[in-house]
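Visitor:
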Amino acid sequence: MEIREWCHEIPKIELHAHLNGSIRDSTLLELAKVLGEKGVIVFEDVAHVITKNGRSLPECFKLFDLYHILTTDHGTVSRITKEVVEDFAAENVVYLELRTTPKKNEAKGMTKQSYMKAVIDGLRAVDTVDVALANSDSSTDYCLEPLPINDTQGRIRRNKIYIRLLLSIDRRETTASAMETVDLAMELKDAGVVGIDLSGNPVVGEWQTFIPALKHAKQLGLPLTLHCAEIPNQKEVQAMLDIHPERIGHACFIEEEEWRRIKSAKIPVEICLTSNVRTERLHSIDDHHFVDLYNSKHPLALCTDDCGLFSTTLSNEYYLAASTFGLDKGQIFQLARSAIEFVFADNEVKEALRNIFEAAERKLM
Ligand code: 6MZ
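In structure tokens, the structure reads:
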């Protein structure tokens, strides 16, 4: 089997995917058309932006504002959630930690709570794959065949995807709003929420604003993953490390001294190759810090970040790593499997994932 196809076939774990950045282009265009017909936006302007390839980081954040105009009602939030999960499942992602920023929109009668209810409704509506969302859903056996099939007793067995949610704090938020998100995460623990993310435009917001909410999350036992060093900002990186995050994302502009701290604390890094190249965080993918981290056996996981926005898939990220850095199938499989240890879900889920990889190893290696 060709390596590209093989990267599609192997089970994969996605730890860094933003819901609104993972929407299908076709869905965005359809939503834009409806809003265009209602006169809310000018469809032609929007269509051009959605289909453009290659965007700088500031352009991405402008685009997110547009996405958020297109996805403001509850029904649309449920729809995009359902589609995003189905797309990940279709490329053999077996565990997805999906992150999203709970949003308030008074005009649409939307609160952070009702936004999250719409996300969870979307997860429950998934019908191409079994979704294991809460701990009680983890009993069904996993099946490596791609679509519903009959087993030897004639029962239908289907693919299964474990989903856990991270609630994001946007860097534009106030302390009070960030605290509200953390409290909401706690309320929704039984519904599959396992942690807190800090994201948003890295040039916006002061680190001090987020400290109370992040410390509050820590006290409540919610693990943290922080968007770290998307732009050079050594002071902020130091402050982030002081709070002891359970994972960090991107880590593009880290100085030697902070790498030493990250490495000695073994903080797993969520690596988003295509995203970093597209947003011009580095000159060439060959210069990516993946190489140093991989060679020094530092914990890392390949992730998509925003697979809609950057026209990528998790399979493609694995293929990119294999073809750029010369990893063979054994190394790629081990890389995919090692992400089990960095998921925020509990040991029961980790054990189930180990079994999935073991079965896949017998079949695909
Ligand atoms: C920082 C990012 C991001 O939460 O509305 N987001 N934040 N860096 C990135 N790298 C390119 N990609 C996405 O999903 C979209 C939101 O996720 C964050 C931004 O805050 C963006 O508005 P949700 O589902």
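Under the working numbering, the sequence shown has 272 at position 287, and the numbering climbs by one with no breaks.
Ideal Cβ placement from N, Cα and C applies to all residues, glycine included.
1. Any chance you could list the alpha helix (DSSP H) runs of at least 4 consecutive residues sitting entirely within the stretch 281 to 337, in chain order?
2. With hydrogens ignored, establish whether the beta-carbon of residue 90 is closer than 8 Å to any heavy atom of the ligand 6MZ.
3. Go through its chain and collect everything with a Cβ distance to residue 214's Cβ below 7 Å, but skip five positions before and after it.
4. Taking the beta strand (DSSP E) that residue 214 belongs to, which residues open and close that run?
5. Are the stretch 144 to 160 and the stretch 176 to 193 touching, with three or more C-beta to C-beta distances below 8 Å?
6. Count the other CB atoms, across all protein chains shown, that sit within 10 Å of the CB of residue 216; report buried if there are 16 or more and exposed otherwise.
7. Under 7 Å Cβ to Cβ from residue 96, same chain only, skipping five residues before and after it: list those, please.
8. Does DSSP put residue 245 in a helix, a strand or coil?
9. Classify residue 253 as buried or exposed, calling it buried when 16 or more other Cβ atoms lie within 10 Å of its own Cβ.
10. Nearest-angstrom Cα distance between residue 22 and residue 28?
11. Report the three-state DSSP secondary structure of residue 101 (helix, strand or coil).
12. What separation, rounded to the nearest whole angstrom, lies between the Cα atoms of residue 305 and residue 281?
13. Just the C-alpha distance for residue 258 and residue 64, rounded to the nearest angstrom, thanks.
14. Note the first and the last residue of the continuous alpha helix (DSSP H) segment covering residue 64.
15. Does the stretch 26 to 44 come close enough to the stretch 312 to 321 to have 3 or more Cβ pairs within less than 8 Å?
16. Tell me the rounded alpha-carbon separation between residue 229 and residue -14.
17. Buried or exposed: where does residue 24 fall if 16 or more other Cβ atoms within 10 Å of its Cβ makes it buried?
18. Can you tell me where the alpha helix (DSSP H) with residue 35 in it begins and where it stops?
19. With DSSP run on the structure shown, which of helix, strand or coil describes residue 227?
20. Alpha carbon to alpha carbon, how far is residue 299 from residue 350? Give it in angstroms, no decimals.
21. Could you please give the first and the last residue of the uninterrupted beta strand (DSSP E) stretch that includes residue 169?
22. According to DSSP, is residue 93 part of a helix, a strand, or is it coil?
23. Return yes when the C-beta of residue 260 is under 8 Å from any heavy atom of the ligand 6MZ, and no when it is not.
24. Given the structure, does residue 52 come close to the ligand 6MZ, in the sense that its CB is under 8 Å from one of the ligand's heavy atoms?
Guide: With the given structure in hand:
1. 299 to 310, 314 to 323
2. no
3. 222, 235, 236, 237, 238, 239
4. From DSSP, residue 214 is part of no beta strand (DSSP E); its letter is neither H nor E.
5. yes
6. exposed
7. 89
8. helix
9. buried
10. 8 Å
11. helix
12. 20 Å
13. 28 Å
14. 59 to 75
15. no
16. 42 Å
17. exposed
18. 28 to 36
19. helix
20. 19 Å
21. That residue, residue 169, is in no beta strand (DSSP E); its alpha helix (DSSP H) goes 160 to 172.
22. helix
23. yes
24. yes
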